[in-house]
Amino acid sequence: MSELNLILLGPPGAGKGTQAERIKVDFKLVHISTGDMLRAQVAQSTELGSKAKEYMDRGELVPDGVIIGMITERIAEPDASDGFMLDGFPRTETQADALREALDASGREISAVVLVEVPDEEVVRRLAGRRVCVKNSAHIYHVEFDPPKREGVCDQDGARLVQRDDDHEDTVRRRLEVYHAQTAPLIDYYDDLDLLLRFDGLRPVEELHKRIRATLASVRMQQRL
Ligand SMILES: [Zn+2]
1 MSELNLILLG PPGAGKGTQA ERIKVDFKLV HISTGDMLRA QVAQSTELGS KAKEYMDRGE
61 LVPDGVIIGM ITERIAEPDA SDGFMLDGFP RTETQADALR EALDASGREI SAVVLVEVPD
121 EEVVRRLAGR RVCVKNSAHI YHVEFDPPKR EGVCDQDGAR LVQRDDDHED TVRRRLEVYH
181 AQTAPLIDYY DDLDLLLRFD GLRPVEELHK RIRATLASVR MQQRL
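Going by our numbering, the residue at position 52 of the sequence shown is 52; the numbering climbs one at a time, nothing skipped.
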């Protein structure tokens, strides 16, 4: 077995998205993001999408059963047979168990769990300092790391810069609480299975990427032996 089946864990603002983009290319993996999949299913009004939308409209979490069904179907598709990278799943131990069973049933397994760690205070600093252009959400600044020439004004089109609701400090802190409550048990779960790989998310993007890539390359080599 030489397929690399990965799970990505880390708090919001850890730079997971950037690393995922790179690792996906390095190892030719299918990137499976639960959030993206749910949004696509809802947009396409599939049966699963309408079911999920009912819960989301009520402000509830989409139940494990729905998510598990969606992911197990996805990883069974041909393009995921050479390896995948899960992002946003599993979120609970029930989901982690279900994933193991589904993989077991087809003679597959998780190769490694990549955890990008960043201290809470750094997450708050990164996210709460972010400002977005009201005209174009791709115009993103940071009050400390990448400030605009004129405070509160977009360099590219002169539009106003605002802080997204999600980026307000108290919201970020609440998101972090949820993250820790959800993820701590999963960290133990995968650590017990000897699958957990920890990376320091404070390192520069390039260096972090090199470390993750080198570690995963050796995981894959060991799998081939
Ligand atoms: Zn702008």
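Note that beta-carbon positions come from the ideal geometry of N, C-alpha and C, so glycine has one too.
Closer than 8 Å: D157 CB and nearest ligand 1 heavy atom: yes
- request: For the stretch 30–59, list the alpha helix (DSSP H) runs that are entirely contained and at least 4 residues long, ordered along the chain.
  value: As far as the stretch 30–59 is concerned, its whole alpha helix (DSSP H) runs of at least 4 residues are 34–43, 47–57.
field: For L202, the three-state DSSP class (helix, strand or coil)
entry: coil
field: Boundaries (first-last residue) of the beta strand (DSSP E) holding G83
entry: 83–87
From R130, D155, E101, V114, residue whose alpha carbon lies closest to that of E169: When only C-alpha atoms are compared, the closest one is R130.
task: Using alpha carbons as the reference points, say which of L6, V25, D200 lies closest to P226.
output: The shown model of the chain, from 1 to 225, leaves out residue 226, and the question about it has no answer.
field: Beta-carbon proximity check, R9 vs I187, cutoff 9 Å
entry: Residue identity differs from the one stated: residue 9 is Leu in this sequence, not Arg. Yes; because the gap between Cβ atoms is below 9 Å, this pair is in contact.
message: Using DSSP's beta-bridge definition, name the partner residues of R131.
response: Y141
field: Closest residue to A14 among R100, E117, M37, A96 (Cα-Cα distance)
entry: E117
task: Alpha carbon to alpha carbon, how far is Y141 from Y190? Give it in angstroms, no decimals.
output: 36 Å
query: Using a Cβ-Cβ cut-off of 8 Å (strictly less than) and excluding sequence neighbours within five positions of L103, which residues of its own chain qualify?
result: Within the same chain, L103 has close Cβ partners N5, I75, E109, I110.
query: Over what stretch of residues does the beta strand (DSSP E) that includes L9 continue unbroken?
result: Start and end: 4–9.
- prompt: Looking only at its own chain, which residues have a Cβ that is under 8 Å from the Cβ of D64, when we skip the five neighbours before and after it?
  reply: T92, T94, Q95, A98
field: Contact under 9 Å by Cβ, D87 with I32
entry: Against a cut-off of 9 Å, the Cβ pair of I32 and D87 comes out as a contact.
task: Could you tell me which of R198, V124, Q163 sits nearest to R175, measuring between CA atoms?
output: V124
field: C-beta atoms of V30 and F84 nearer than 9 Å
entry: yes
message: Suppose contacts are defined by Cβ-Cβ distances below 9 Å. Is L196 in contact with L115 by that definition?
response: Contact: yes.
- request: From the DSSP output, in three-state form, read off A112 for me.
  value: Correct three-state label for A112: strand.
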